[in-house]
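Just remember that the working numbering sits 40 ahead of the position in the sequence shown, which is counted from 1.
Here's the structure we're looking at; comments come further down.
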Amino acid sequence: MKNLYSAFKGTFLSFLCGVFLIAKLNGAELPNFADLVEKHSASIVEISTLRNVEMQASGERGSIDELLRQFGPGGVPGEDSGQVPLRAPRRAAVGSGFIISSDGFVITNNHVVSGADEIRVHLNDRRVFDAEIIGLDEPSDIALLKLDAEALPFVDFGDSDAVRVGEWVLAIGSPFGLEFSAAAGIVSAKGRSVPGRSSYNYMAFIQTDVAINQGNSGGPLFNLQGDVIGINSQIISSTGGSNGISFSIPSNVAMNVISQLKEAGRVERGLLGVRMREVDFALAEIFDMDIPRGAFVDGVMPGSPAGDAGIKNEDIIVGFNGHDIEYFTDLPFYVGQYRPNTEAELIYYRGGVQQKTSVVLGSSPTNEGVAFKTSVQPARVNPLGFLVEELSEDIKEVAGIEGVRIVKLNPGPGAEAGLREGDVVVALNRSEISSVEGFARVAESLPRSGYIPVRVVREGQGTTLALELAE
């Protein structure tokens, strides 16, 4: 028994030594982020915004016609409304950002600063600056700000195309307002297409397992060399906190957007003009392809650049201007990197035969902001606590939806139900909506209390929310 105990003891000690040795060796191979944080933390900023919310002294709910008479464009009460607006500034958002030049250019997410009445940028050395918006780009979720400052520390962009899955990366930002916090992880995947804040899918994200939370939006994603290879933008979460799945805007996309925002204050993207879907094994077999890949053309828009180039329904596009199209989401991403009137090469399969053609890109509706503005109808108010406006004919045709867009969200049933600015309302209380006038008629007929359903399209996906009305 004693010999057995001695043998067991020796084996167990050998096992522990082996574990400790492996842990030590593995630990020695792990990267040390301390130098990177120390070098670049001064270039990271926290961004706080204030938004003025219009509130009415009277809480009574009148008819929609009366409300439309009281409120002019933008939801401002008329002089004869008999109501006094109460302005109550509130802290709308806290996000992150980073300085990209010594003269004060700052990058963050569009959704962090869009609609803000005041933007303040907090530096690592505790200085605070008011920021000027140089340009906003909703499809890429990028905003370019400018500070009135000189000799600021800044970071450089790296090549996001060179990033490999499995590489170590580091994020610095202000999760939950805890400013200048660092979190590390690895690149989990590249070229991810996830529901975004735009009806147009112009993004192929870098996916990581870095702990990104609310407040990290707009902060940088570093590689081990200290170059910014991504801008933290989105998370997928069932709780509102990190589930280890986060998405960053590739730096190469950001550099293109920033260049155009500096130049013109907006971004122009090309348009191909096709509806498409994934190529699965069944489609690949039907159309004589060796493996499933590419974008299956479900429809060609009349008079579109694709139609002019000879693209037809059931063609399978596998290449665009030197870029391989493995998945159908690759195509709008690459098209969006080129400006209108660019001549590009398309490679496609038709009847099992690979063919080529050239196409001159058109202009995406996002170039004119048609999804978010209208010069025909002013924005109108409704008793649910939000302002709506018409969708343009272009966005209706390209996105394939009818409805009205929420342009301003005030306290009320809509906000409490989880509606967001930018949501497209397609049905209210089970009545389809195709115009502001139609929306007003349905809103006027709503019950004075109880729950009603509202169907919206958000980030390219439909969802139904329950609004609670009260006397």
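Beta carbons are placed, not taken as given, at the ideal position from N, Cα and C, and that holds for glycine.
Which whole-angstrom value describes the C-beta separation of residue i and residue j, a residue pair presumed to lie in contact below a C-beta threshold of 8 Å?
i, j, result
"Phe197", "Ser291", "5 Å"
"Ile298", "Ile147", "7 Å"
"Ala244", "Phe373", "4 Å"
"Ser136", "Asn256", "6 Å"
"Ile387", "Val358", "5 Å"
"Asn149", "Ser273", "6 Å"
"Tyr242", "Glu318", "So it is not a contact: roughly 18 Å between Cβ atoms."
"Met341", "Val314", "7 Å"
"Ala211", "Ile252", "6 Å"
"Pro260", "Phe169", "Not really, about 18 Å apart at Cβ, beyond 8 Å."
"Ser142", "Glu190", "7 Å"
"Leu90", "Asp188", "In fact, because the Cβ distance is near 19 Å, the residues do not count as touching under 8 Å."
Please name the residue, chosen from the options, that lies closest to residue i on a Cα-to-Cα basis.
i, options, result
"Val428", "Pro405, Glu442, Glu383, Val476", "Val476"
"Ile356", "Asn256, Phe327, Pro342", "Phe327"
"Asp370", "Ser142, Val464, Arg232, Leu218", "Arg232"
"Val494", "Ser485, Arg470, Val482", "Arg470"
"Glu399", "Ala346, Gln377, Tyr388", "In the sequence as displayed, the identity of residue 399 is Val instead of Glu. Of the listed residues, the one whose Cα sits closest to Val399 is Ala346."
"Gln265", "Gly458, Ile246, Ser200, Val465", "Ser200"
"Gly258", "Val234, Val203, Asp320, Asp177", "Asp177"
"Ile226", "Gly155, Asn263, Asn253, Val195", "Asn263"
"Gly175", "Ala304, Asp143, Ser278, Thr248", "Ala304"
"Val312", "Asn381, Val268, Phe479", "Going by the sequence as given, residue 312 is Leu instead of Val. For Leu312, the nearest C-alpha among the options comes from Asn381."
"Arg498", "Ala191, Leu459, Ala171, Gln394", "Leu459"
"Asn353", "Glu385, Glu461, Val168, Tyr389", "Tyr389"
"Arg309", "Gly144, Ala455, Ser404, Leu509", "Ser404"
"Ser180", "Gly502, Gln377, Thr504", "Gln377"
"Asn164", "Ile173, Val153, Gly155, Phe194", "Phe194"
"Leu466", "Asn72, Phe145, Gln501", "The question names Leu, but residue 466 is Val in the sequence shown. Checking every option, the nearest Cα to that of Val466 belongs to Gln501."
"Gly454", "Val444, Leu507, Ser432, Gly402", "Leu507"
"Ser474", "Ala322, Gly339, Ile441", "Ile441"
"Ile289", "Gly206, Val268, Arg333", "Val268"
"Leu70", "Gly206, Asp338, Arg167", "Gly206"
Alpha carbon to alpha carbon, how far is residue i from residue j?
i, j, result
"Gly284", "Glu383", "40 Å"
"Val250", "Ala223", "6 Å"
"Leu486", "Val77", "55 Å"
"Asp120", "Ala183", "A caution first: Asp120 carries a pLDDT of 45, below 50, which makes its placement in the model too unreliable to give a value."
"Pro129", "Ile446", "With a pLDDT of only 47 at Pro129, under the threshold of 50, the placement of this residue in the model should not be trusted; the figure read from the coordinates follows. Answer to the nearest angstrom: the Cα atoms are 21 Å apart."
"Ile275", "Ala324", "33 Å"
"Trp208", "Val464", "39 Å"
"Ser238", "Leu301", "Reliability fails at Ser238, whose pLDDT of 49 lies under 50, so the model's placement of it is uncertain and the value that follows must be treated cautiously. Distance between the alpha carbons of Ser238 and Leu301 is about 18 Å."
"Val124", "Gly425", "Confidence at Val124 is low in this model, with a pLDDT of 45, below 50, so its placement is unreliable and the value that follows should be read with caution. Cα to Cα, Val124 sits roughly 17 Å from Gly425."
"Ala349", "Thr406", "22 Å"
"Lys448", "Gly280", "23 Å"
"Gln577", "Glu385", "Given that the chain is displayed from residue 41 to residue 511, the structure contains no residue 577 and the question cannot be resolved."
"Phe145", "Val152", "16 Å"
"Phe73", "Ser278", "29 Å"
"Pro490", "Arg204", "Inspection of the sequence shows that residue 490 is occupied by Gly rather than by Pro. Cα-Cα distance, rounded: 53 Å."
"His363", "Gly391", "22 Å"
"His80", "Val161", "17 Å"
"Thr248", "Ser228", "5 Å"
"Val482", "Val444", "13 Å"
"Val293", "Pro451", "36 Å"
"Glu393", "Lys230", "Here residue 393 turns out to be Val, not Glu, going by the sequence shown. One C-alpha to the other measures close to 30 Å."
"Ser286", "Ser154", "21 Å"
"Met517", "Gly402", "Residue 517 falls outside the range modelled here, since the chain spans only 41 to 511, and no answer is possible."
Since residue i is in the alpha helix (DSSP H), which residue starts that stretch and which ends it?
i, result
"Val152", "150–153"
"Arg481", "476–484"
"Gly347", "345–348"
"Phe360", "Where Phe360 is concerned, there is no enclosing alpha helix (DSSP H), although the beta strand (DSSP E) it sits in stretches over 356–360."
"Pro487", "Counting along the chain, Pro487 falls outside any alpha helix (DSSP H), and DSSP gives it neither H nor E."
"Val372", "Inspection of the sequence shows that residue 372 is occupied by Pro rather than by Val. 370–375 is the extent of the alpha helix (DSSP H) around Pro372."
At what residues does the beta strand (DSSP E) containing residue i begin and finish?
i, result
"Phe287", "286–290"
"Phe321", "Premise fails: Phe321 lies in the alpha helix (DSSP H), 321–326, not in any beta strand (DSSP E)."
"Gly454", "Counting along the chain, Gly454 falls outside any beta strand (DSSP E), though it belongs to the alpha helix (DSSP H) covering 453–457."
"Ala74", "First-last for Ala74: 74–80, but that is the alpha helix (DSSP H), not the beta strand (DSSP E)."
"Tyr388", "383–390"
"Ile446", "444–449"
"Ala467", "464–468"
"Asp170", "168–170"
"Glu508", "501–509"
"Asp272", "A small correction: the amino acid at residue 272 is Asn; Asp does not occupy that position in the sequence shown. Asn272 -> beta strand (DSSP E) spans 268–275."
"Thr248", "245–248"
"Phe426", "426–430"
Just to check, is the beta-carbon of residue i closer than 7 Å to a non-hydrogen atom of the ligand NAD?
i, result
"Val134", "No copy of the ligand NAD occurs in the structure displayed, which carries no ligand at all."
Can we say the segment 215–222 touches the segment 70–89, given the rule of at least three CB pairs closer than 8 Å?
With the rule of 3 Cβ pairs closer than 8 Å, the segment 215–222 counts as touching the segment 70–89.
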